[in-house]
Amino acid sequence: MSRNEIVGIVGSGFIGQSWAMLFASVGYKVHIYDVKAEQVSSALTNIKKQLHILENSGMLRGTLTAEQQFQCISAAASLKDCIKGAKYVQESVFEDLELKRKVFHEIDEVADAHTVLASSTSCIVPSKFTADLTHRENCIVAHPVNPPYYVPMVEVVPAPWTSKEVVTRTQAMMKEIGQSPVMFSREQPGFGLNRVQYAILNECNNMVKSGILSAEDVDILMKDGLGYRYAWMGPLETAHLNANGMEDYLNRYGPTMVSVSKDFAPVPLWTVPESQSLLSQMEQMVPEDKLPERREWRDARLIALAKLKKEMKELEKSGK
Numbered sequence: 000m001s002r003n004e005i006v007g008i009v010g011s012g013f014i015g016q017s018w019a020m021l022f023a024s025v026g027y028k029v030h031i032y033d034v035k036a037e038q039v040s041s042a043l044t045n046i047k048k049q050l051h052i053l054e055n056s057g058m059l060r061g062t063l064t065a066e067q068q069f070q071c072i073s074a075a076a077s078l079k080d081c082i083k084g085a086k087y088v089q090e091s092v093f094e095d096l097e098l099k100r101k102v103f104h105e106i107d108e109v110a111d112a113h114t115v116l117a118s119s120t121s122c123i124v125p126s127k128f129t130a131d132l133t134h135r136e137n138c139i140v141a142h143p144v145n146p147p148y149y150v151p152m153v154e155v156v157p158a159p160w161t162s163k164e165v166v167t168r169t170q171a172m173m174k175e176i177g178q179s180p181v182m183f184s185r186e187q188p189g190f191g192l193n194r195v196q197y198a199i200l201n202e203c204n205n206m207v208k209s210g211i212l213s214a215e216d217v218d219i220l221m222k223d224g225l226g227y228r229y230a231w232m233g234p235l236e237t238a239h240l241n242a243n244g245m246e247d248y249l250n251r252y253g254p255t256m257v258s259v260s261k262d263f264a265p266v267p268l269w270t271v272p273e274s275q276s277l278l279s280q281m282e283q284m285v286p287e288d289k290l291p292e293r294r295e296w297r298d299a300r301l302i303a304l305a306k307l308k309k310e311m312k313e314l315e316k317s318g319k
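Numbering (numbering that gives the first Met the number 0) for the sequence shown: 0 to 319.
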């Protein structure tokens, strides 16, 4: 059932729990550590619940049962116990630079020379918190999308000193657990996903702020428009297919794209005082007390989409 290889998870929040479930799906011995021991206990309870829900819905990954996968996961009493002998460590603490530096220094002090040391950071480039570590060549970013179990993309971002072997090993680990790694040749702030996401959000905010569109209509643009295509192919393939290839697309639409882009407003100030209209409209769309219920709604639909994608992939493999 469980293999002898160890994966350490540092941080037992939602992302840490998701990583634990993913690695357990292929039988790794997963050790979870958190500075607050009671949080690990709560995390294990939730993980067990989620694994059985996934099993009952037919979305459990891997060939092991939910109970077998849960038996692969255990709490570590200390950071040293968590990562001792580990093949791979995934840090998943809060998105705070000083905290990342502190945690990686502590990990570095007890890590084995061969262990891959990965961070779940969504925007902080790895050079900012790994520069003076003894094992800095083993450090890398593996940034998941929330929720990682249903959305498989992972950004793999090396620091300037990350070894090629660590990049290759991280890519292999992600593929092994069923994720879709996107490999960066070098680091840049925000990596890729958030740079694209922020470009979209900036224009959405500007259209709401200017009164051109309501927040609800902006969301319809994506969920009932672009999102239909982007759920199956990226923007570049979308453009490629919308014309007779990319060259034809550029010839047809290139000048218009440049002209429209020049009309974009400057990057908006993302502050509460500057965003009152947006905040008011979002509160009307999804009141704060309804957020937990809406998240459950979201996750149910992500599960359904993941299931459909899985079925479509199997059909493609069979040649149908």
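Where is the CB? At the ideal position from N, CA and C, for every residue including glycine.
What you are looking at is a predicted structure, and each value in this text was computed from that prediction instead of being measured.
From the DSSP output, in three-state form, read off residue i for me.
{"i": "W285", "result": "What sits at residue 285 in the sequence shown is Val, not Trp. Note: V285 maps to coil in three-state DSSP."}
{"i": "K99", "result": "helix"}
{"i": "Q178", "result": "coil"}
{"i": "Y149", "result": "coil"}
{"i": "P159", "result": "coil"}
{"i": "E154", "result": "strand"}
{"i": "E90", "result": "strand"}
{"i": "P267", "result": "coil"}
{"i": "K312", "result": "helix"}
{"i": "L249", "result": "helix"}
{"i": "A74", "result": "strand"}
{"i": "P143", "result": "strand"}
{"i": "C138", "result": "strand"}
{"i": "Y27", "result": "coil"}
{"i": "V9", "result": "strand"}
{"i": "V124", "result": "coil"}
{"i": "V115", "result": "strand"}
{"i": "A85", "result": "strand"}
{"i": "V217", "result": "helix"}
With burial defined as no fewer than 16 other Cβ atoms inside 10 Å of the residue's Cβ, what is the status of residue i: buried or exposed?
{"i": "V257", "result": "exposed"}
{"i": "K86", "result": "buried"}
{"i": "N137", "result": "buried"}
{"i": "D33", "result": "buried"}
{"i": "P234", "result": "exposed"}
{"i": "L59", "result": "buried"}
{"i": "W18", "result": "buried"}
{"i": "V29", "result": "buried"}
{"i": "K48", "result": "exposed"}
{"i": "A75", "result": "buried"}
{"i": "M284", "result": "exposed"}
{"i": "Q16", "result": "buried"}
Between the C-alpha atoms of residue i and residue j, what's the straight-line distance to the nearest angstrom?
{"i": "R135", "j": "E164", "result": "13 angstroms"}
{"i": "I139", "j": "Q178", "result": "16 angstroms"}
{"i": "E37", "j": "S73", "result": "13 angstroms"}
{"i": "Q170", "j": "F103", "result": "21 angstroms"}
{"i": "Q68", "j": "G224", "result": "39 angstroms"}
{"i": "V166", "j": "V155", "result": "8 angstroms"}
{"i": "D131", "j": "W160", "result": "11 angstroms"}
{"i": "E292", "j": "S56", "result": "19 angstroms"}
{"i": "I219", "j": "P254", "result": "27 angstroms"}
{"i": "P267", "j": "E236", "result": "29 angstroms"}
{"i": "F128", "j": "K101", "result": "8 angstroms"}
{"i": "L290", "j": "A65", "result": "28 angstroms"}
{"i": "S41", "j": "E310", "result": "33 angstroms"}
{"i": "Y149", "j": "A305", "result": "6 angstroms"}
{"i": "Q196", "j": "P286", "result": "23 angstroms"}
{"i": "D328", "j": "H239", "result": "The chain is shown only over 0 to 319; residue 328 falls outside these bounds and no answer can be derived."}
{"i": "R294", "j": "M173", "result": "26 angstroms"}
{"i": "K99", "j": "E105", "result": "10 angstroms"}
{"i": "N250", "j": "R228", "result": "22 angstroms"}
{"i": "M0", "j": "L96", "result": "Low confidence applies to M0: its pLDDT is 49, below 50, so where it sits in the model is not reliable, and the reading given next is rough at best. Roughly 38 angstroms separates the two Cα atoms."}
{"i": "T120", "j": "V259", "result": "33 angstroms"}
{"i": "Y252", "j": "W296", "result": "38 angstroms"}
{"i": "L53", "j": "D298", "result": "12 angstroms"}
{"i": "H51", "j": "D288", "result": "27 angstroms"}
Could you round the C-beta distance between residue i and residue j to whole angstroms and report it? I think they count as a contact, below 8 angstroms.
{"i": "V153", "j": "A141", "result": "5 angstroms"}
{"i": "V39", "j": "I31", "result": "5 angstroms"}
{"i": "P147", "j": "I302", "result": "So it is not a contact: roughly 13 angstroms between Cβ atoms."}
{"i": "V9", "j": "V92", "result": "7 angstroms"}
{"i": "V321", "j": "C203", "result": "Residue 321 lies beyond the range of the chain shown here (0 to 319); nothing can be said about it."}
{"i": "S209", "j": "Q280", "result": "No, S209 and Q280 are not in contact; Cβ-Cβ is about 13 angstroms, not under 8 angstroms."}
{"i": "I5", "j": "G84", "result": "5 angstroms"}
{"i": "F183", "j": "P157", "result": "7 angstroms"}
{"i": "N201", "j": "C122", "result": "Rounded, the Cβ-Cβ distance is 15 angstroms, inconsistent with contact."}
{"i": "G7", "j": "C81", "result": "4 angstroms"}
Compute the minimum distance between the beta carbon of residue i and the heavy atoms of the ligand ADP, and state whether it is under 7 angstroms.
{"i": "S121", "result": "With respect to the ligand ADP, the structure shown offers nothing to examine, as it has no ligands at all."}
Among the options, whose alpha-carbon lies nearest the alpha-carbon of residue i?
{"i": "Q89", "options": "E97, A76, D107", "result": "D107"}
{"i": "S162", "options": "A117, N45, S56, K312", "result": "A117"}
{"i": "Q70", "options": "M221, I82, I46", "result": "I46"}
{"i": "E175", "options": "C81, A23, R228", "result": "A23"}
{"i": "A264", "options": "M206, K306, L21", "result": "M206"}
{"i": "D111", "options": "K99, L78, S119", "result": "L78"}
{"i": "E151", "options": "L96, K222, L21", "result": "Glu is not the amino acid found at residue 151; the sequence shown has Pro there. When only C-alpha atoms are compared, the closest one is L21."}
{"i": "W231", "options": "E94, D247, R294, K312", "result": "K312"}
{"i": "M221", "options": "R185, S276, I199", "result": "I199"}
{"i": "G12", "options": "Y27, L43, T270", "result": "L43"}
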